[in-house]
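Residue numbering for the sequence shown follows full-length UniProt numbering, starting at 1 and increasing by one per position.
Ideal placement from N, C-alpha and C gives every residue a C-beta, glycine not left out.
Keep in mind the model is a prediction, meaning the values are calculated, not measured.
Just below is one structure, and these are the notes that go with it.
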Amino acid sequence: MSAPAPRVPGDPRGFAPLEPARHRVGERTELYDGTVAVDHWFTVPVDHALTLAEAEAQDAAGTGVGPHGRGTLTVFAREIRAAGDADGARPWALYLQGGPGGAGPRPARGGGWIGALASEHRVLLLDQRGTGRSTAASVAALTAPGAFASDEALAEHLVHLRAPSIVRDAEMVRLALGAAPWTTLGQSFGGFCTLTYLSFHPEGLRRCLVTGGLAPLTGHADRVYRATYARMRDRAHEFFARHTGDRAAWAEAVALIRAAEQAGEPVRLPDGGPLTVARAQALGMLLGGNTRVDRLHWILAEAVDRSGPAPRLSETFLAAVAEHNDRHVNPLYTVLHESIYAQPAELAGGRAATDWSAARVLAEHPDFDPGAADAPLPTGEHVMPASLELDPHLRPLRGAARLLAERTDWGPLYDVEALTRNTIPVAAAVYTDDVYVDRDLSLETAGRVRGLRVWETDAFHHDGLADDGPAIVRRLLEMTGEGAAPAAAGGAERSDAEPSDSAPAASETTTAPGPVD
Numbered sequence: 001m002s003a004p005a006p007r008v009p010g011d012p013r014g015f016a017p018l019e020p021a022r023h024r025v026g027e028r029t030e031l032y033d034g035t036v037a038v039d040h041w042f043t044v045p046v047d048h049a050l051t052l053a054e055a056e057a058q059d060a061a062g063t064g065v066g067p068h069g070r071g072t073l074t075v076f077a078r079e080i081r082a083a084g085d086a087d088g089a090r091p092w093a094l095y096l097q098g099g100p101g102g103a104g105p106r107p108a109r110g111g112g113w114i115g116a117l118a119s120e121h122r123v124l125l126l127d128q129r130g131t132g133r134s135t136a137a138s139v140a141a142l143t144a145p146g147a148f149a150s151d152e153a154l155a156e157h158l159v160h161l162r163a164p165s166i167v168r169d170a171e172m173v174r175l176a177l178g179a180a181p182w183t184t185l186g187q188s189f190g191g192f193c194t195l196t197y198l199s200f201h202p203e204g205l206r207r208c209l210v211t212g213g214l215a216p217l218t219g220h221a222d223r224v225y226r227a228t229y230a231r232m233r234d235r236a237h238e239f240f241a242r243h244t245g246d247r248a249a250w251a252e253a254v255a256l257i258r259a260a261e262q263a264g265e266p267v268r269l270p271d272g273g274p275l276t277v278a279r280a281q282a283l284g285m286l287l288g289g290n291t292r293v294d295r296l297h298w299i300l301a302e303a304v305d306r307s308g309p310a311p312r313l314s315e316t317f318l319a320a321v322a323e324h325n326d327r328h329v330n331p332l333y334t335v336l337h338e339s340i341y342a343q344p345a346e347l348a349g350g351r352a353a354t355d356w357s358a359a360r361v362l363a364e365h366p367d368f369d370p371g372a373a374d375a376p377l378p379t380g381e382h383v384m385p386a387s388l389e390l391d392p393h394l395r396p397l398r399g400a401a402r403l404l405a406e407r408t409d410w411g412p413l414y415d416v417e418a419l420t421r422n423t424i425p426v427a428a429a430v431y432t433d434d435v436y437v438d439r440d441l442s443l444e445t446a447g448r449v450r451g452l453r454v455w456e457t458d459a460f461h462h463d464g465l466a467d468d469g470p471a472i473v474r475r476l477l478e479m480t481g482e483g484a485a486p487a488a489a490g491g492a493e494r495s496d497a498e499p500s501d502s503a504p505a506a507s508e509t510t511t512a513p514g515p516v517d
């Protein structure tokens, strides 16, 4: 008999039997509009291959894969109850934050999309493991003396912060709360987590809403970046066509950056790191949403300070570049970004290692090359290995990040076969011009998940929830509600729904890839 295959860390197929998390209720706060917020604290294993008791034994022995040998970690979540549900009688809805590395929202009141969801639910805002008030995966925590013995040990820990572990946390949380199967809303990476949830724990789900978050189920990360560079190119040209003077302003800023570098005196950002063209290109993140796109125009309008004897880059411009490169608060965004696409070779086009995909694929798109003769186009969600060298906050994590980029023993993120048999109502908003989560790849995924209904619209961009969250949430709730018509098998139909008063009229299509029995 052959020896069993070695266990792959973070592989959901090897997780221990499901059990409730340890649960403690914390502070209750009433917001100024009467919305009630209740803090919840949960204890779960770092490595879900272990039971909670086994993980707690590792705490005592200092033999776990967490910082300082911890076997457990804390997951924080904040419950939001509308003013009319102060006693919490409504069914639960879970919000899965985008990222990776983003904490749940901190609402000042119960409005926006949270209010729309809370009108029918108690909303749970989860700080995914490693974020917010959950056990920290900050640079300080990950690099504290004695936290990890080596880059290899740190990388091994980071593997346990991916979607399968986040979803197992969520299901342990649901059991601890005694909640019935719940509604989920997943934005961006939260939508990726939703697909993982549908794959491995559909029994915990009542219905799922996804906004700008249908990940490709198979294939290498390279195909993601080929698609998103193309989308960013279109978005950048659209921006420069609308703001006709901004191309020249951008070119002048790039020229000043290069001149300083060539003189051996690079401009320094507030973090102390040098300003490079590639770091300035990160301002393209502003192109990834309709609520922020024109902020780039105002930044470029005052990018150059002409008050002295020679033009120089303004403090406003430097602060903006620093803001869009600063990841020391959420380093997981950089360190784990490509691993959100990493899967076993058989699911990843024969290549399991992501191998700094965004940087390699950039070579196929010379108009984004920071060394190009003309001013390169701004980039989007394209994490470069150089950022871990240039950012003094992230530099201590560069060894672990390199190991993750080279890693080949990944567990699957999704169960594709299970998704073809899905019976949970799912509705997804797909934004036609989304530069972060490609429309074509999203529709490919939609066609592989049984019963998933798509609402495609160009009225919103990736930040649709911030733009008109209530309208989007209501639309998706209607598409998955008990009174909704069953999805037709295949095909697409023109939407006959009226847009909300605050949303611009736009091209919309509702697609129903398959039925839900």
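(1) For residue 26, which of helix, strand or coil comes out of DSSP?
(2) In or out: residue 339 buried (at least 16 other Cβ within 10 Å) or exposed?
(3) Going by DSSP, what residues sit across from residue 183 in a beta bridge?
(4) Tell whether a beta-carbon distance below 8 Å holds between residue 304 and residue 253.
(5) Which residue wins for smallest C-alpha separation from residue 526, given the options 479, 475 and 412?
(6) Leaving aside the five residues before and after residue 159 along the sequence, list all residues of the same chain whose C-beta is less than 6 Å from its C-beta, in chain order.
(7) Please list the terminal residues of the continuous beta strand (DSSP E) segment that includes residue 431.
(8) For residue 173, which of helix, strand or coil comes out of DSSP?
(9) Just to check my reading of the structure: residue 177 and residue 209 have Cβ atoms closer than 8 Å, yes? What is that Cβ distance to the nearest angstrom?
(10) Assuming residue 391 contacts residue 284 under a Cβ cut-off of 8 Å, what Cβ separation, rounded to an integer in Å, is found between them?
(11) Inspect the CB distances between the segment 115-128 and the segment 85-105 and report whether three or more fall short of 8 Å.
(12) Return helix, strand or coil for residue 415, following the three-state DSSP convention.
(13) Straight-line CA distance for residue 331 to residue 464?
(14) Does the separation of the CB atoms of residue 267 and residue 300 fall below 8 Å?
(15) Measuring straight from C-alpha to C-alpha, what distance separates residue 143 and residue 388?
(16) Where residue 423 and residue 452 are concerned, what is the direct C-alpha to C-alpha distance, given to the nearest angstrom?
(17) Are there three or more Cβ pairs, one per stretch, closer than 8 Å when the segment 223-237 is compared with the segment 194-210?
(18) Indicate the three-state DSSP secondary structure (helix, strand or coil) for residue 13 in the structure shown.
(19) Between the segment 460-480 and the segment 440-449, are three or more C-beta pairs nearer than 8 Å?
(20) Out of curiosity, what's the CA-to-CA distance linking residue 443 and residue 124?
(21) Measure the C-alpha to C-alpha separation of residue 35 and residue 473 and round it to an integer number of angstroms.
(22) Would you mind listing the beta strand (DSSP E) stretches within the segment 98-175 that are 3+ residues and don't spill past its ends, in chain order?
(23) Look at the alpha carbon of residue 328 and the alpha carbon of residue 139, and state the distance between them as a whole number of angstroms.
(24) Distance check for residue 24 and residue 118, CA to CA, integer angstroms please.
(25) Classify residue 79 as helix, strand or coil using the three-state DSSP reduction.
(26) Go ahead and label residue 382 buried or exposed: buried means 16 or more other beta carbons lie within 10 angstroms of its beta carbon, across all protein chains shown.
(27) Quick check on DSSP: helix, strand or coil for residue 68?
A quick look at the data gives this:
(1) strand
(2) Residue 339 is buried by the Cβ-count criterion.
(3) 93 and 207
(4) A distance below 8 Å separates the beta carbons of residue 304 and residue 253.
(5) In the structure displayed, the chain extends from 1 to 517; residue 526 sits before or after that span and is not available.
(6) 9 and 10
(7) 426-431
(8) helix
(9) The Cβ separation is near 20 Å, so there is no contact.
(10) So it is not a contact: roughly 17 Å between Cβ atoms.
(11) yes
(12) coil
(13) 25 Å
(14) no
(15) 14 Å
(16) Whole-angstrom Cα-Cα distance: 9 Å.
(17) no
(18) helix
(19) With the cut-off at 8 Å, the segment 460-480 and the segment 440-449 do not touch.
(20) Straight through space, the alpha carbons of residue 124 and residue 443 are spaced by roughly 28 Å.
(21) 19 Å
(22) 122-127
(23) 6 Å
(24) Using only the alpha carbons, I get a separation of about 22 Å.
(25) strand
(26) buried
(27) If DSSP states are grouped into helix, strand and coil, residue 68 belongs with the helices.
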